[in-house]
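Below is one structure, written out as structure tokens; comments come after it.
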Amino acid sequence: MVLLAVLVVVGVGTCSKYNQMTRLGEDVAERWSQVENQYQRRLDLIPNIARTVNRYMKHEQGTLEGVIKARAEATKVTLKVDQLTPETLQKFQQAQDGLSSALSRLMVTVEKYPDLKAVGPVQDMMTQVEGTENRIAVSRKDYNSTANEFNKT
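So this is what it looks like as structure tokens:
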């Protein structure tokens with residue numbers, strides 16, 4: 001009787017732990033999906049940024065070309081949740097960091113021209129880029145937190 005009770009307790013504990021790990025694994029996948037969504041949002045902004053820069057900043061074509069090149073590099077590196085290894089994450093993050101750097105240079109360039117900064121479409125572009133960068137940071141923080149919780153189980 002005692003053996004049966006011990007087996008039941010162990011079985012229930014094992015099932016509970018398995019269910020917890022399954023739930024956390026699904027949470028990790030969902031959080032990674034949110035990170036990907038925010039990176040995709042940023043990639044989708046690039047054509048609008050290009051149009052705005054072409055229209056209002058013809059003298060800064062080199063900066064724009066850097067952003068377009070970085071976007072092309074970032075789109076070459078994609079990840080799926082089942083491919084999340086340290087090596088693939090590093091490669092993905094390097095491509096995303098390159099795009100972040102190029103966008104930062106563009107934002108600095110816009111800041112140099114106060115009259116340009118006041119133009120509605122340019123101001124909207126800057127707001128969208130800043131908002132997207134903030135969303136990326138929050139999504140990455142949430143993913144890392146969930147992944148850490150999963151790794152502790």
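Heads up, the sequence shown is in full-length UniProt numbering, so the first residue is 1 and it goes up one at a time.
We put the CB at the ideal spot given by N, CA and C, even for glycine.
Residue i, DSSP secondary structure in three states
i, result
"Tyr113", "coil"
"Gln35", "Residue identity differs from the one stated: residue 35 is Val in this sequence, not Gln. In this structure, Val35 counts as helix in the three-state DSSP scheme."
"Leu24", "helix"
"Met125", "helix"
"Val138", "helix"
"Leu79", "coil"
Buried versus exposed, by CB contacts within 10 Å (16 or more), residue i
i, result
"Met125", "buried"
"Glu87", "exposed"
"Val138", "exposed"
Rounded distance between the beta-carbons of residue j and residue i, thought under 8 Å
i, j, result
"Arg42", "Thr153", "Not confirmed; about 32 Å, so no contact."
Beta-carbon proximity list for residue i, same chain, < 6 Å, skipping 5 on both sides
i, result
"Ile136", "Gln38"
Chain C contact for residue i (CB, 7 Å cutoff)
i, result
"Arg55", "Among the chains in the structure shown there is no chain C, since it carries only a single protein chain."
Close-in-space but distant-in-sequence residues of the same chain around residue i (CB under 7 Å, 5 per side omitted)
i, result
"Met21", "Thr153"
"Val122", "Thr52, Tyr56, Val110, Leu116"
"Glu65", "none"
"Leu45", "Gln128, Val129, Thr132"
Residue i beta carbon near the ligand SAM (any heavy atom closer than 6 Å)
i, result
"Gln34", "Absence of the ligand SAM is noted for the structure shown, with no ligands found whatsoever."
Under 8 Å: do the stretch 43-57 and the stretch 88-96 share three or more Cβ pairs, one atom per stretch? no
Is there contact between the stretch 66-77 and the stretch 108-116, where contact requires at least three CB pairs shorter than 8 Å? By the Cβ rule, the stretch 66-77 does not count as touching the stretch 108-116, because fewer than three pairs are nearer than 8 Å.
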